[in-house]
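In what follows, a structure is listed as structure tokens, so that the remarks can point back to it.
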Amino acid sequence: MASSSESDMSLDPETPLTPMADAPASSPLGDRPKEKRRRGLLRGIQRISSSQSLTHIGRPRANTAPYGNRVTLSCVSLAPTSPLGQNGPGTSTPGYFSSAPGTPAVEFPEFEGIETRLATRKVVNASTTCLNPGSVSLPQDLAATRSRSGTVRKPRYDFWANMPDEIRIQILSYLHPKELVRVSRVNKYFYKFCFDGQLWTRFDASEFYQDIPAESLAKIIVAAGPFVKDLNLRGCLQIEHHERAEIVAKSCKNLINATLEGCRNLQRTTLHSLIQSNDKLVNLNLASLSAVTNSTCKIISRHCPQLEMLNLSWCKHMDARGIKMVIRGCPKLRDVRAGEIRGFDNLDVAQAIFETNNLERLVLNGCVELNDEALKTMIHGRDPEVDILTNRPMVPPRKLRHLDLSRCSQLTSRGVEALGHFVPELEGLQLNGCRALTDSALEPILATTPRLTHLELEDLSELTNEILSEHLAKAPCAPRLEHLSVSYCENLGDAGMLPVIKKCVSLNSIDMDNTRIGDLVLAEATAMVRSRAARTSARGSRPRIGLRMVVYDCSMVTWTGVREILSWNARVRQPSGNKQPTYPTEVIGLKCFYGWQQTVEQHTQRVLRGDFAAAARLERKWAHYMQAVEEAGAVGAGIRRRRRRAREAQMLHANEEEGGVAAAGRRRARTMAASCSVM
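Position 133 (the sequence shown) corresponds to 133 in UniProt numbering; numbering is contiguous.
Structure follows, in structure tokens:
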């Protein structure tokens with residue numbers, strides 16, 4: 001009866017369960033299997049009755065937990081106890097198990113008086129008689145510190161509005177003009193700062209003049225006018241309207257550099273108003289303006305005392321007398337560009353240029369009226385005193401550094417040789433198209449200009465190899481010469497150019513098209529670049545073009561000379577021993593016969609990106625193709641076989657030019673010519 005009563009009690013959910021430690025010690029041995037079954041049943045009920053909503057809440061059990069066996073713990077009581085000590089609905093006493101859903105039970109084996117060890121915390125809503133399963137009330141001590149009304153949301157910090165104006169301007173200064181206009185559309189605040197004058201001290205419309213409408217251009221200039229110091233409206237035809245031009249002229253008062261080249265529709269009154277209101281102008285470019293006249297030059301001479309550079313090239317409604325007024329009224333003028341201006345045969349203008357002796361750059365290209373007498377007056381002055389011993393005028397040397405006399409067709413050797421001994425600081429000399437010049441005109445100039453770096457002698461058909469081999473190659477400027485142009489000098493050949501290339505080791509550009517040079521010049525140029533350029537062992541380094549050569553329309557240049565340059569550009573040296581291979585740092589950029597130019601450009605592209613193996617393969621296949629073409633042109637037995645080999649070589653070379661992958665289907669027709677028909 002006792003065992004049956006205990007079994008009934010264990011199955012009755014309303015009856016409190018006693019722990020196993022309270023079982024009578026005098027139970028018979030036969031009751032042990034039942035006791036084990038009862039314990040297993042109790043464990044199953046305990047697992048089923050545990051709340052699923054509390055199993056995943058909180059962090060995992062610590063390794064230092066005071067409980068030795070693996071049991072499931074939950075709060076002892078989540079609801080307040082009644083004052084009479086009775087259990088309310090949904091609650092259980094610490095010493096008993098409960099299978100009611102939503103009330104997690106805890107098993108504390110071998111612990112007595114656990115309710116005294118685990119103090120019960122007071123819970124908010126103590127008057128609640130039943131808790132919602134799966135929810136836990138917040139303890140009262142925590143609820144007192146965190147109230148719903150006490151959580152104040154932190155206001156959003158406006159970073160841009162609280163930033164100093166100086167920093168805003170500095171950030172916006174990194175934007176280009178087009179980007180500033182786009183950013184100004186964000187809001188009125190951005191519009192205000194994007195058109196701040198400090199961001200528009202330099203206004204260059206040459207990059208977007210075709211895209212910006214006239215109204216926007218005028219609005220920008222008006223907004224930033226007092227701050228603009230560098231104004232470039234080159235090619236802007238939008239300001240053709242009189243009112244818009246007047247707005248631009250009235251807004252800009254502090255210009256230092258102004259470029260109005262190509263503004264053909266600019267009115268004369270507007271231009272004069274702009275010049276008169278900017279007395280701090282240093283650089284002024286009015287090239288190709290039809291509004292420029294001698295009266296404009298007079299205004300410049302009166303209102304621009306700080307002027308240093310003036311460009312009046314291709315202004316058709318003025319002459320050299322305007323240049324004279326500017327030279328005399330602007331004492332700081334150093335750069336005058338007056339290409340294709342009439343009236344430079346006037347000796348008064350030449351005397352004004354001589355008296356100033358401040359000019360460092362004088363550009364008179366296309367001034368067809370300039371003659372020997374006027375040029376000599378610019379250098380020696382009128383009736384100079386002559387030294388008896390040297391037979392040279394006793395005048396101070398000129399400060400000219402760049403002189404352009406191209407296409408001054410009336411100049412002869414008698415006038416140009418006057419430059420000798422009087423331009424010691426000359427760095428650039430351009431005499432293109434002065435066909436009457438001979439060797440005697442250049443001999444004194446080359447001997448007395450040690451700083452010469454740029455020399456252009458294009459289309460001087462009277463020059464001979466002697467001026468190059470005996471004078472230029474031995475001149476004091478030879479080691480410093482960087483650019484040389486002898487195009488269309490039909491009498492120049494290998495005899496003159498070989499000494500020049502050997503001595504002028506600083507050359508980085510040389511134009512020799514339409515001359516008599518041959519493959520020896522190309523080979524010598526290769527050797528010169530090889531000797532001056534250091535090689536590197538870094539595999540990932542990329543070479544640069546150190547010498548640019550133009551040799552098209554030269555009948556003596558063959559494909560073998562071109563191959564010499566291509567071969568050296570892609571050469572990787574394998575030194576003896578365990579040393580690493582070396583790679584070139586400088587290569588030659590070549591412009592040759594148009595039938596070979598495509599191969600040369602493809603080869604140069606591969607070299608510049610460091611693919612020397614592909615470049616060498618292209619050069620080798622191109623050489624095989626050129627040899628096959630030459631054999632196919634020979635007469636005699638086997639001509640059909642040679643032509644077949646030429647076609648096969650052409651296909652291989654074409655595939656290599658396109659990256660080494662043959663195209664599917666029939667290829668497009670290619671020319672089989674190996675040389676120009678004119679040659």
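We put the CB at the ideal spot given by N, CA and C, even for glycine.
Counterpart residues of arginine 516 in DSSP-defined beta bridges: Translated into positions along the sequence shown, residue 516 becomes position 516. Beta-bridge pairing links arginine 516 to Gly493.
Taking the beta strand (DSSP E) that histidine 402 belongs to, which residues open and close that run? Within the sequence shown, residue 402 is the residue found at index 402, counting from 1. Its beta strand (DSSP E) spans residues 402-404.
Reduced DSSP category for tyrosine 625 - H, G, I as helix; E, B as strand; rest coil: Within the sequence shown, residue 625 is the residue found at index 625, counting from 1. Helix at tyrosine 625.
Excluding five sequence neighbours on each side, which residues of the same chain lie with their C-beta closer than 6 Å to the C-beta of glycine 433? Along the sequence shown, read from residue 1 onward, the residue named residue 433 stands at position 433. Ser406, Arg407 and Asp459, listed in sequence order.
Using alpha carbons as the reference points, say which of Glu308, Asn257, Arg38 and Phe159 lies closest to phenylalanine 203. Taking the sequence shown and counting its residues from 1, one reaches residue 203 at position 203. With distances taken between Cα atoms, phenylalanine 203 lies closest to Asn257.
Does the segment 191-198 come close enough to the segment 216-233 to have 3 or more Cβ pairs within less than 8 Å? yes
Does DSSP put glutamate 373 in a helix, a strand or coil? Stepping through the sequence shown from its first residue, residue 373 is reached at position 373. Correct three-state label for glutamate 373: helix.
Hey, threonine 293 and methionine 325: beta-carbon distance below 7 Å or not? In the sequence shown, the residue the question calls residue 293 occupies position 293. In the sequence shown, the residue the question calls residue 325 occupies position 325. No, these two residues do not count as a Cβ contact at 7 Å.
Residue span of the alpha helix (DSSP H) that contains valine 363, given as start and end: Taking the first residue of the sequence shown as position 1, residue 363 is located at position 363. Taken as a continuous stretch (DSSP letters only), valine 363 belongs to no alpha helix (DSSP H), being part of the beta strand (DSSP E) at 361-363.
In this structure, does DSSP put glycine 415 in helix, strand or coil? The residue you call residue 415 lines up with position 415 of the sequence shown. Note: glycine 415 maps to helix in three-state DSSP.
Given this structure, state the Cα-to-Cα distance separating glycine 262 from valine 181, to the nearest angstrom. Counting from 1 along the sequence shown, the entry for residue 262 is found at position 262. Counting from 1 along the sequence shown, the entry for residue 181 is found at position 181. Straight-line Cα distance between these residues: approximately 24 Å.
List in chain order: all unbroken beta strand (DSSP E) runs of 3+ residues lying wholly within the segment 542-589. 544-550
Beta-carbon proximity of leucine 492 to threonine 526, cut-off 7 Å: On the sequence shown, position 492 is the one that residue 492 refers to. On the sequence shown, position 526 is the one that residue 526 refers to. No, the Cβ-Cβ distance between leucine 492 and threonine 526 is not below 7 Å.
Need the endpoints of the alpha helix (DSSP H) that glutamate 443 sits in, please. Within the sequence shown, numbered from 1, the residue matching residue 443 stands at position 443. Run containing glutamate 443: 439-447, per the alpha helix (DSSP H) assignment.
Along the chain, where does the alpha helix (DSSP H) that runs through isoleucine 510 open and close? One-based indexing of the sequence shown puts residue 510 at position 510. Taken as a continuous stretch (DSSP letters only), isoleucine 510 belongs to no alpha helix (DSSP H), being part of the beta strand (DSSP E) at 509-511.
Could you tell me which residues DSSP pairs with threonine 269 in its beta bridges? What you label residue 269 is simply residue 269 of the sequence shown in a count that begins at 1. According to DSSP, threonine 269 bridges with nothing at all.
Determine the extent of the alpha helix (DSSP H) in which leucine 217 is found, giving its start and end residues. Counting from one through the sequence shown, the residue named residue 217 turns up at place 217. It spans 214-224 - the alpha helix (DSSP H) in which leucine 217 sits, taken as one unbroken run.
How close, in whole Å, do the beta carbons of leucine 481 and threonine 449 come, if the pair is a contact with beta carbons under 8 Å? By 1-based counting over the sequence shown, the position of residue 481 is 481. By 1-based counting over the sequence shown, the position of residue 449 is 449. Not really, about 10 Å apart at Cβ, beyond 8 Å.
Quick one: what does DSSP say leucine 429 is sitting in, helix, strand or coil? Counting from one through the sequence shown, the residue named residue 429 turns up at place 429. DSSP places leucine 429 in strand when its eight states are reduced to three.
If you follow the alpha helix (DSSP H) that aspartate 204 is in, where does it begin and where does it stop? The residue you call residue 204 lines up with position 204 of the sequence shown. Segment 202-204 is the beta strand (DSSP E) holding aspartate 204; no alpha helix (DSSP H) there.
Does the Cβ of arginine 185 have 16 or more other Cβ atoms within 10 Å, making it buried, or fewer, making it exposed? In the sequence shown, counting from the first residue as 1, residue 185 sits at position 185. Exposed: under 16 other Cβ atoms inside 10 Å.
Start and end residues, beta strand (DSSP E) containing valine 336: For this step, residue 336 is matched to residue 336 along the sequence shown. Run containing valine 336: 335-337, per the beta strand (DSSP E) assignment.
Euclidean distance between Cα positions of proline 213 and serine 413: As a first step, residue 213 must be located in the sequence shown, where it is residue number 213. As a first step, residue 413 must be located in the sequence shown, where it is residue number 413. Going from the Cα of proline 213 to the Cα of serine 413 covers about 52 Å.
Would you please state the rounded distance, in angstroms, between the beta carbons of valine 600 and leucine 566? I believe it to be under 8 Å. Counting from one through the sequence shown, the residue named residue 600 turns up at place 600. Counting from one through the sequence shown, the residue named residue 566 turns up at place 566. Yes, valine 600 and leucine 566 are in contact; Cβ-Cβ is about 7 Å, under 8 Å.
Three or more C-beta pairs below 8 Å linking the segment 381-397 and the segment 358-368: no
Suppose the cutoff is 6 Å on Cβ atoms and the five residues either side in sequence are ignored; what does the same chain contact list for alanine 350 look like? On the sequence shown, residue 350 is found 350 positions in, with the first residue counted as 1. So the qualifying residues of the chain are Ala374, Thr377 and Met378.
Which residues in the same chain as isoleucine 510 place their Cβ atom closer than 6 Å to its Cβ, once the five residues preceding and following it in sequence are excluded? Taking the first residue of the sequence shown as position 1, residue 510 is located at position 510. Answer for isoleucine 510: Leu484 and Met549, listed in chain order.
Rounded C-beta distance between residue 706 and lysine 332? I'm assuming under 8 Å. The displayed coordinates of the chain run from 1 to 679. Any statement about residue 706 would go beyond what the structure contains.
Tell me whether the segment 497-508 and the segment 572-579 touch, counting them as touching only if at least three CB pairs, one residue from each stretch, are closer than 8 Å. no
Quick check: the Cα distance between valine 395 and phenylalanine 354, rounded to an integer number of angstroms? For the purposes of this step, residue 395 is identified with residue 395 of the sequence shown, where counting begins at 1. For the purposes of this step, residue 354 is identified with residue 354 of the sequence shown, where counting begins at 1. Looking at the two C-alpha atoms, the distance is approximately 10 Å.
With DSSP collapsed to three states, give me the class of residue 708. Here the chain covers residues 1 to 679 and nothing more, so residue 708 does not appear.
Under three-state DSSP, which class holds leucine 286? Here residue 286 corresponds to residue number 286 of the sequence shown, with the count starting at 1. The answer is coil: DSSP assigns leucine 286 none of H, G, I, E or B.
Put alanine 291 into one of helix, strand or coil per three-state DSSP. Position 291 of the sequence shown, counted from the start, is the residue given in the question as residue 291. Coil at alanine 291, not helix or strand.
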